[in-house]
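Inspection log for the structure reproduced underneath, given as structure tokens.
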């Protein structure tokens, strides 16, 4: 490779500016919009005290350079001895919490002179009292208690401005203590400035007079302190995604209106600003939303908005290219024939026709890649057209890096990553891994995928943020935030955790927001820590413990990236990343819901599908859990043709009052569903339709069929039903195309038999003592009757043996029986344990000899086979028909084994998208009373499965027939017609408990149900549709079921 080509390879034509890039100094002029910067900075530099000048709004299309403009404003504000605050509203749910966190985050940023902004502010305040050197000396000297100098400064403030100092002295104390060398002091100050009381005793010992005030008072105090030392520029950028989220009414009741939340907060902020100026950059359409839906005084408090200029002058295009090319040429030590080589004057002229910087840089990067593929630098004479559309696609890179990847992963050192006092190293590795994930995704005009990081912060709220931006939907955004939390110190951990919750937006009903907490091992104990993790889980947060193998993969890829950059081969390495996608081979990225990437659908006509339908819904988005679809429907064929992974909701019916469509978020399915209705209510039809709607959306299911009612889920209607809508007809056709129904017949070898282990897979449980105990309890309940364990002594020995067996990682009945037959010393402290165990071993051998299910032939159940088939284009529904099991006990035994197997399997195979486990006639398997062998495992599964993406749908005729621990875990409930007065009263009581009334529960029509789910308000009636598959009045005969199962066996 020539030196000229090497230099071009290193040129950075990155066209996506994340919000965090505001803090970098890549370029310090605003090109064609330099005049706007000069006007703002001149006004800012002249500020003394109130009144503040009107705000400034800068409008422009995507890619025109709005975020770059803000970065230049930040650079110039610092040059003029002012302060800069970047208001991050991407995770907004409480404006003032977000504002307080934004102030804190901005003040922690490092300035060009090496000081962090909060240090410079405190130095500026000290300068007022002519003690700046003394203050800096104290803070830099680890042997001096910083509290002493803080006390001194507070006394000075009380003399110069007693009113404000009395109100805000604790704010000043917290800001100053961020410079402390004591980790606990910094943690207290960090939490206090977010509005959280971390530790009252430590807080008082540091001199704080009061607990943290409201966030608005914290911001007010920070503004006053900053104003003492200089003017402040507050910028608000990248608000288009928040405004596009809007906030519309739904069946949830009051859904936060993010437009009003943001605009109302900005108006309040404008009134709080002290010696400062507010700047907004956004799309023109977003400004129109602010004017139309925001409070009138807000846009009136701004000067007339300024339209940002595209590249219409050759000098601006030339400057853009030189800024990107010059560092690469200088590093290579070569002088090109022109500063913009290989882009000729003709190319510059072709771009100076109003193209955006984003488009120009994308086309420059495409030309650079073509030069690398050719092996030489060739001139570019036109940037007016997209070179990727006029040149053939490159061939795949092959697996040229495969061997190096394997070697690097094997040699990767991860010993220092998991430091319980410092999560910075793990956070840095995660930043690199997510940046490499972005490199796996080819660029596209219609969307961007950005890895946003903030390496300049010592204690960032997040270690990074992946953002998927849909340019065709008003720059709507979907965020995957991540934060390493390795601290064992509870105060430090909680302060960082709260910041992550606020910054991510998952605690705020913000659509399309995810937070992934990465931690090895359990968090430190304590009430506040437990409450935080509970709130995190309730908001849909995901905690991941990366395996050593995944960490080695990350380390290996980072090393390969660095080597590729050093050797000038990064483009070849990136081609390999795109082709191989090695990060999508890790359990970490799969569990995070990032493989396959949740990209917007780009092949549908614009306007044919709403953004909510083309983007995955955030699992932490309770604001969209039920969607009342009041907007005009696009053509049926367009709506049904959505990629299954783009669907975020499934329709469940129409409101009885008004007829509005009601949809249930897919994110709610793992939180379980109950259908409680009597004979003739339409409960089986509803059950089928839920499964039929979920399957084309990419949700596979296991369905327990005790009465033959569900074996026809794979049969199409022979004729269109009279009450089918056109939409139903299209859905039924698509269902037949993309869904594969497999019928299983345990106990019937002529059909499609399967064999289940009597024991759970203890190897999947891991080191969690609670989960191990639950698994042992399930296994003991199963083996006890088979082993003749009737006395407490026998049950005790069996439990001890199972516990030892589980710790050893055992899994099959034969090995367990051998353990009991020759029980090792020390397994149980019960007297004559070996003799009791030997007798139980004999009982088990006798049970195997007489019970056909214990020695049945056929494949041992692998839940993967039940959920997933050979074709990735088809979603599998496994119907397990129990007609071959003669007694209720046999059916319960089988279901018990299935549930134990799922209990272990789902922990090894969590599903970000979701899976379904459906139990018809659930009162037979998880009854409210004792007696069912499958009850213990069912109750344990319903409590644990939701954490791993497995949702249960339980169906029963009897309101009080299912164990209450199951019903209470069902977030979504359908309550239908009941026939007996007792059952009617039970349903009325259930509905009354959530504020509703149901006097007509005995008169409901078939398909009419009272419905409730999280935040749906009081239960309301809806009419549910007919099922998509064939469902005549009578179920199939046993012979027909076997015939269907036999066909299924032939397809597997």
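Numbering (the numbering used here), first residue to last: 80 to 1131. Positions of the beta carbon are idealized from the N, C-alpha and C atoms, including for glycine.
Taking 8 Å as the upper bound for CB-CB distance, residue 728 and residue 1051 are not in contact here, some 12 Å apart.
Note on geometry: alpha-carbon atoms of residue 161 and residue 167 lie some 19 Å from one another. Assignment of residue 799 by DSSP, reduced to helix, strand and coil, places it in the coil class. Residues of the same chain with a CB within less than 8 Å of the CB of residue 853, apart from the 5 flanking positions on each side, are 982, 1019, 1023 in chain order. Between residue 1049 and residue 764, the gap from beta carbon to beta carbon reaches 8 Å or more. Here residue 149 is buried. Its C-beta has 16 or more other C-beta atoms within 10 Å.
DSSP, reduced to helix, strand and coil, places residue 875 within a helical segment of the structure shown.
By the Cβ neighbour-count rule, residue 223 is exposed, with fewer than 16 other Cβ atoms within 10 Å of its own. The three-state secondary structure of residue 381, taken from DSSP, is strand.
Nearest to residue 904 by C-alpha distance, out of 893, 804, 923, 876, is 876.
As far as DSSP is concerned, residue 615 takes part in no beta bridge.
Scanning 208, 357, 81, 808 for the CA closest to the CA of residue 164 turns up 357. One thing to note: residue 431 has its Cβ within 8 Å of the Cβ of residue 390.
By the CB criterion at 8 Å, residue 793 and residue 1102 fall outside the cutoff. The criterion of a C-beta distance shorter than 8 Å is satisfied by residue 458 and residue 423.
Note on residue 142: 16 or more other CB atoms within 10 angstroms of its CB, so buried under the neighbour-count rule. The C-alpha of residue 173 is placed about 27 Å away from the C-alpha of residue 748. The C-alpha of residue 868 is placed about 19 Å away from the C-alpha of residue 891. Following the DSSP letters along the chain, one finds residue 980 inside the alpha helix (DSSP H) bounded by residues 967-987. Only buried fits residue 976, as 16 or more other CB atoms lie within 10 angstroms of its CB.
In chain order, 508, 511, 512, 515 place their CB closer than 8 Å to the CB of residue 637, counting only its own chain and leaving out the 5 sequence neighbours on each side. Inclusion of residue 232 and residue 204 in the CB contact set at 8 Å is warranted, their separation being smaller than that value. Between residue 280 and residue 200, the gap from beta carbon to beta carbon reaches 8 Å or more.
Residue 591 sits away from residue 621, with the two beta carbons spaced by 8 Å or more. Beta-bridge partners of residue 752 (DSSP): 1032, 1051. Boundaries of the alpha helix (DSSP H) harbouring residue 506: 503-518, taken from the DSSP string. If you keep only unbroken alpha helix (DSSP H) runs of at least 4 residues inside the region 772-796, you get nothing at all.
Buried is the label assigned to residue 273, since at least 16 other Cβ atoms lie within 10 Å of its Cβ. Below 8 Å, enough C-beta pairs join the region 1053-1065 and the region 1076-1083 to call them touching: three or more. Each residue's CA atom was taken as its position, placing residue 1131 and residue 962 some 21 Å apart. CA-CA distance, residue 531 to residue 539, rounds to 12 Å. For residue 848, no beta strand (DSSP E) run applies; the uninterrupted alpha helix (DSSP H) run containing it begins and ends at 848-866, by DSSP. When the five nearest sequence neighbours on each side are left out, the beta carbons in the same chain lying within less than 7 Å of the beta carbon of residue 993 are those of 745, 748, 749, 778, 1028, 1030, in order along the chain.
About 6 Å separates the CB atoms of residue 878 and residue 855; that is less than 8 Å, so the two are in contact. Residue 292 and residue 351 have their C-alpha atoms some 15 Å from each other.
Non-local beta-carbon contacts of residue 564 in its own chain, meaning distances under 8 Å to residues more than five positions away in sequence, involve 502, 572, 575, 576, 579, 596, 597, 598, 602 in chain order.
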